[in-house]
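Worksheet for the structure shown next.
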Amino acid sequence: MSILLGCIADDFTGATDLANTLVRQGMRTVQFFGPPGPDVDVPEAEAVVIALKSRTNPAGEAIQQSLEALQWLQGAGAEQFFFKYCSTFDSTPEGNIGPVAEALLVALDQDFTIACPAFPENGRTICNGYLFVGAQLLSESGMQNHPLTPMTDSSLVRVLAAQCRHPVGLVDHRTVAAGAAQIQAAFAKLHSEGKQYAIVDALNDADLLRIGAACYGLKLITGGSGVALGLPENFRRAGKLSTDTAADSLPSVPGLGVVLSGSCSEVTLAQVAAMQGSRPSFRIDPLKLAAGEDQVAEALTWAKARLADGPPLIYASAAPNDVRMAQDKLGRAGAGDLIEAAMAKIAMSLVLAGVRRLVVAGGETSGAVIQALGVDGIRIGSQIDPGVPWTTTLRTTALGQPELALALKSGNFGVEDFFLKALDCAP
Ligand code: ADP
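Written out as structure tokens, the structure reads:
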């Protein structure tokens with residue numbers, strides 16, 4: 013097989029968000045969790061997204077994983093490459109957006125790319141290089157309290173420059189609004205000034221389409237799923253992609269459902285509260301886990317008694333004060349790891365108990381669940397809410413189970429009744 017677009021995503025829900033965008037733009041897309049091994053049957057596709065769980069790893073590890081993914085995508089014949097990160101630019105002063113982008117550029121023998129996390133449909137816009145979430149600056153949007161990657165500076169030029177060895181420039185909105193040719197001219201100017209990265213302003217989808225068109229000749233593009241909106245059209249114009257834009261249809265996956273939530277974003281907290289209004293819920297508490305309480309067994313007994321009556325909710329999601337308390341005692345990674353391990357075990361046991369439809373909230377949380385289940389790849393189906401499609405598994409090696417339906421929700425995505433809305437339209 014030979015693919016057109018090869019994508020590397022730094023977390024699992026972000027990967028699905030990107031795959032969703034590409035499918036909606038008519039590109040047949042398959043997503044793998046890590047580069048597929050030689051024993052994996054890769055379905056025919058025009059784009060492959062390799063999802064990594066590298067957002068919060070030490071930068072060296074993230075680079076190594078990303079380069080392995082790149083190598084696989086190059087082997088699959090990809091003509092252009094996309095490094096996908098969160099639309100809220102989730103990263104720490106050490107990385108990993110800058111270091112990974114830099115390593116990919118070197119591996120591709122390139123010295124210029126863009127960085128554009130805008131996702132206007134979900135309220136993420138960039139103006140003069142400042143990232144907004146809705147009407148708020150990133151640093152006042154709740155993201156300043158993120159458990160793993162608190163974002164306290166909204167200037168993407170500054171944030172990225174702190175992570176990179178090479179200078180970062182800006183393509184402002186006036187230039188973006190003027191059209192693809194002007195954007196390309198701005199890229200060329202920044203490049204000639206020695207800038208290796210361009211933060212690109214975008215306020216709406218029309219901007220993203222123009223930016224996408226301007227990225228025609230770039231070997232590497234970095235950004236959120238939004239900027240991928242305009243990339244399929246470049247291949248279509250070159251006669252490499254069919255004009256059929258139908259989204260992938262998924263096989264039907266009947267069975268019991270459950271919602272697992274490990275995201276602490278404001279949006280997820282509201283979704284958890286909404287589901288608690290009509291469905292039973294069980295809270296996983298990192299302090300109880302640390303004290304040796306067997307909350308996994310308790311949650312399983314509790315859930316198994318309720319599964320037949322409809323999907324229950326198991327959540328660790330907590331307000332910033334509770335998260336801080338847990339982190340003060342257990343450390344940021346310590347608390348996260350305990351919860352992720354618990355969620356992963358719960359997911360495994362529930363699948364063994366007959367659950368086939370899982371809605372998982374949180375990028376890291378989804379990563380832990382997917383890895384535990386041994387899912388190696390997914391097909392992408394129709395969209396539930398912007399950025400979140402239903403998917404079905406290609407294989408679940410850990411359990412030898414039949415297909416599962418998975419909705420992997422990035423923390424900040426989805427309407428307030430997302431969880432039940434998703435299960436209502438499960439494949
Ligand atoms: P998001 O998509 O919102 O970023 P993630 O799952 O990626 O969500 O990240 C949330 C992190 O917070 C995970 O590592 C999760 O284990 C951790 N977490 C969840 N609940 C708590 C809690 N009550 N206390 C501390 N950390 C928590």
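For the sequence shown, the working numbering gives the first residue as 13, with consecutive numbering after it. Glycine included, every Cβ here is placed at the ideal spot set by N, Cα and C.
Specify the secondary structure class of residue i as computed by DSSP and reduced to three states.
i    : result
Q37  : coil
D388 : strand
I15  : coil
Q122 : coil
Q443 : Here the chain covers residues 13 to 439 and nothing more, so residue 443 does not appear.
A345 : helix
K252 : coil
S153 : coil
P266 : coil
F425 : coil
R369 : strand
G89  : coil
S204 : helix
D397 : strand
S261 : coil
S167 : strand
H158 : coil
T68  : coil
P332 : helix
D29  : helix
G379 : helix
V52  : coil
L11  : Given that the chain is displayed from residue 13 to residue 439, the structure contains no residue 11 and the question cannot be resolved.
A320 : helix
P244 : helix
A438 : coil
A57  : coil
Strictly by DSSP, which residues pair up with residue i?
i    : result
I62  : I20 and F44
L228 : Just to set this straight, residue 228 is Tyr in the shown sequence, not Leu. None, per the DSSP bridge assignment.
Y209 : T125 and V180
C139 : Y142
S293 : L325
T104 : G107
T404 : R391 and A417
Q148 : V145
A214 : I138
T234 : F95 and A127
S273 : Y327 and A373
Residue i and residue j look like a contact to me (Cβ under 8 Å); what is the Cβ gap, rounded to whole Å?
i    : j    : result
P398 : A417 : About 19 Å separates the two Cβ atoms, so there is no contact after all.
L281 : A331 : 6 Å
E245 : A225 : 7 Å
I440 : P111 : Nothing about residue 440 can be read from this structure; the chain reaches only from 13 to 439.
F24  : S378 : 5 Å
V355 : A328 : The sequence given here has Met at residue 355, not Val. Confirmed, Cβ separation roughly 7 Å.
F144 : D388 : Actually they are not in contact, since the Cβ atoms of F144 and D388 sit about 37 Å apart, beyond 8 Å.
A59  : M39  : 5 Å
L435 : G269 : 5 Å
M360 : A384 : 5 Å
Please check if any C-beta of chain B sits within less than 9 Å of the C-beta of residue i.
i    : result
N140 : Within the model displayed, chain B is absent; a lone protein chain is all it includes.
Using 8 Å as the threshold, is the region 30-48 in touch with the region 225-245, meaning 3 or more CB pairs across them? Pairwise C-beta distances place the region 30-48 in contact with the region 225-245, as three or more of them are shorter than 8 Å.
Across the region 286-293 and the region 388-403, are there enough close Cβ pairs to call them in contact, namely three or more that are closer than 8 Å? Two segments are said to touch when three or more pairs of C-beta atoms, one from each, lie closer than 8 Å; by this definition the region 286-293 does not touch the region 388-403.
Contact between the region 168-177 and the region 205-218 (3+ Cβ pairs under 8 Å): Yes, the region 168-177 is in contact with the region 205-218.
For the 8 Å Cβ check, are there 3 or more pairs between the region 69-78 and the region 49-61? Counting Cβ pairs under 8 Å, fewer than three are found: no touch.
At a cut of 8 Å, does the region 145-159 reach the region 117-126 through at least three beta carbon pairs? No, because fewer than three Cβ pairs between the region 145-159 and the region 117-126 fall closer than 8 Å, the two stretches do not touch.
Stretch-stretch touch, CB-based, cutoff 8 Å, three pairs: the region 88-97 with the region 130-143: They do not touch, by the three-pair rule.
Inter-stretch contact at 8 Å, needing at least 3 Cβ pairs: the region 105-117 / the region 187-206: Not touching, per the Cβ criterion.
Segment contact flag, the region 74-90 with the region 422-436, C-beta cutoff 8 Å, min 3 pairs: Counting Cβ pairs under 8 Å, fewer than three are found: no touch.
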